[in-house]
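In this note's numbering, the protein residues as written are 1 to 504.
Structure, as structure tokens:
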Ligand code: ADP
């Protein structure tokens, strides 16, 4: 228990927050309820319980949807003067920044991420995200259309478009970086004027509950933001199939994404899916290896590989293969494994025992498939939490399950190529059902652009991996998802376009 009590003792408000049994934030107030047992929230670094949430279902979702619908139809948010709606979002961003210490403490406990990393990257990015979309609120415009043909002999049409918020939106998020994830979805939806029901992951719900407390301190009208805690198959499923929800935005596994697609057919909700990945990091033989090798290590081992953009498939030219492997193994072996609230580590725990077991099973599968384990491969038994060593396999081929399936753990597969033909290299990179992220590493930027053009992924970095920015669209090709988040595309995802036409 020392992880919790020793480090957090000075943060009284965080401690009392943890002591709460978190219910559901509906129509501007916390409510309790749920037909399943409350869920114990465990710190993945210690396996010890740190807090509790209630497990909502159909009834709580229905109450939240009613509140969101009422708020939406009343126009208190959707029709609020844009500059005022923007002001409230800017105020929320300020509150997020002012509470960065508390948020990073909670996220560190909830997912085992380093607190410093969370504060400097996670919270800062979330605040920037809100400000980016707050800026859009006053710039949501339609256009005037020049009609392409005569309306009738001698008559013309005048057409203009207006952008309207989609309505009531359900947002279902996973447990990796949940605070950033919540705001990545909320900021554009709220900027567009939608009302929202957020369903956080049951493994890591704490910072979403904290966010509800922050929203309650702003002038956002009640019912615009609602939160229901609970498990996916109950609360998540009830939200996805609810007949009065206009859109579902989901981030999570490809298999749950497919279940959600079935659930939304009842009222044909608009649906955005940000799903799994198996992102290639392609190192050409002219790459600057002093940059490419550490970047490739970060691409896979950041958040212990629990990241949909993780660069989990390394494709490397044969001439530099051994040098790259040697460099990566050296980095992996020197990584500091651990998690506590004061120090920063390179590798933290996996989110749960279940996830650790899954990752270790994949490592066994890799060995069985004939891949060569060059470092790692084991649970860190000396530590109480769910830690797995940074693991690297060479001699991998595209038919192996460890190369094909998303592992969501610190496991890198390395494949070698001899060719310099960009078509062949791209074919290897594209040999996956996923298409979320990719990076190419080369000393010749022109080659980088050519190869980037051939890769089927929503985001490709040239000599950089996973360059996230609120202004840059993000989303998947193929089975990595539907739609885009971030940037103007992310805002448009919460808007309908209405064309209004009259005779001139
Ligand atoms: P991960 O593999 O990252 O845990 P999941 O796809 O299992 O991701 O879960 C992501 C989110 O989806 C969580 O909030 C979870 O509760 C929710 N979820 C899981 N199953 C369902 C379902 N059948 N319907 C709706 N939401 C679900």
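For each residue, glycine too, the CB sits at the ideal point set by N, CA and C.
Going by DSSP in three states, residue i sits in which element: helix, strand or coil?
i           : result
residue 316 : strand
residue 217 : coil
residue 242 : coil
residue 40  : strand
residue 158 : strand
residue 369 : coil
residue 270 : strand
residue 207 : helix
residue 1   : Residue confidence for residue 1 is low, a pLDDT of 27 falling below 50, so the modelled location carries little weight; the figure read from the coordinates is stated next. Residue state, collapsed to three classes: coil.
residue 19  : helix
residue 14  : helix
residue 485 : strand
residue 362 : helix
residue 503 : strand
Would you kindly work out how many angstroms separate the C-alpha atoms of residue i and residue j, rounded to a whole number?
i           : j           : result
residue 82  : residue 76  : 11 Å
residue 6   : residue 54  : With a pLDDT of 40 at residue 6, under the threshold of 50, the modelled position of that residue is not reliable, and the figure given next carries that caveat. One C-alpha to the other measures close to 27 Å.
residue 425 : residue 419 : 7 Å
residue 433 : residue 34  : 37 Å
residue 248 : residue 443 : 42 Å
residue 87  : residue 134 : 8 Å
residue 451 : residue 287 : 14 Å
residue 38  : residue 49  : 12 Å
residue 36  : residue 56  : 7 Å
residue 31  : residue 71  : 18 Å
residue 1   : residue 381 : Any reading at residue 1 is ruled out, since the residue's pLDDT is 27, under 50, leaving its predicted position unreliable.
residue 349 : residue 310 : 16 Å
residue 423 : residue 457 : 15 Å
residue 252 : residue 65  : 22 Å
residue 338 : residue 318 : 34 Å
residue 268 : residue 391 : 43 Å
residue 113 : residue 210 : 17 Å
Does the beta-carbon of residue i, which I'm using as the reference point, lie nearer than 7 Å to any heavy atom of the ligand ADP?
i           : result
residue 174 : yes
residue 58  : no
residue 82  : no
residue 282 : no
residue 124 : no
residue 253 : yes
residue 169 : no
residue 405 : no
residue 521 : The first residue shown for the chain is 1 and the last is 504, placing residue 521 beyond what the model contains.
residue 354 : no
Please name the residue or residues paired with residue i in a DSSP beta bridge.
i           : result
residue 226 : 197
residue 280 : 313
residue 379 : 388
residue 497 : 163
residue 300 : DSSP, once it has assigned bridges, lists no residue as partnering residue 300.
residue 55  : 36
residue 185 : Residue 185 is not bridged to any residue.
residue 24  : 31
residue 251 : 274
Under 8 Å between C-beta atoms, does residue i make it to chain B?
i           : result
residue 467 : Looking for chain B here will not work: only one protein chain is present.
Query raised in the report: If you pair each beta-carbon of the region 381-390 with each one of the region 28-46, do three or more pairs fall below 8 Å?
Result: Contact check between the region 381-390 and the region 28-46: three or more CB pairs, one atom from each, fall below 8 Å, which counts as touching.
Report task. Could you tell me whether the region 219-230 touches the region 84-104, using the rule of 3 or more Cβ pairs below 8 Å? Result -> Yes, since at least three Cβ pairs between the region 219-230 and the region 84-104 fall closer than 8 Å, the two stretches touch.
Query raised in the report: Are at least three pairs of beta-carbons, each pair with one atom in the region 200-208 and one in the region 229-241, less than 8 Å apart?
Result: yes
Query - the region 353-373 contacting the region 315-329, beta-carbon criterion three pairs below 8 Å - result: no
Query raised in the report: Pairing CB atoms from the region 129-143 with CB atoms from the region 468-479, are three or more of them under 8 Å?
Result: Touching, yes.
Query raised in the report: Would you say the region 271-284 touches the region 147-156, given that touching needs at least three Cβ pairs under 8 Å?
Result: no
Query raised in the report: Is it true that the region 475-490 meets the region 264-278, where meeting means three or more beta-carbon pairs spaced less than 8 Å apart?
Result: yes
Query raised in the report: If we count Cβ pairs, one from each stretch, closer than 8 Å, do we get three or more for the region 160-174 versus the region 245-261?
Result: Judged by Cβ distances under 8 Å, the region 160-174 makes contact with the region 245-261, as three or more pairs qualify.
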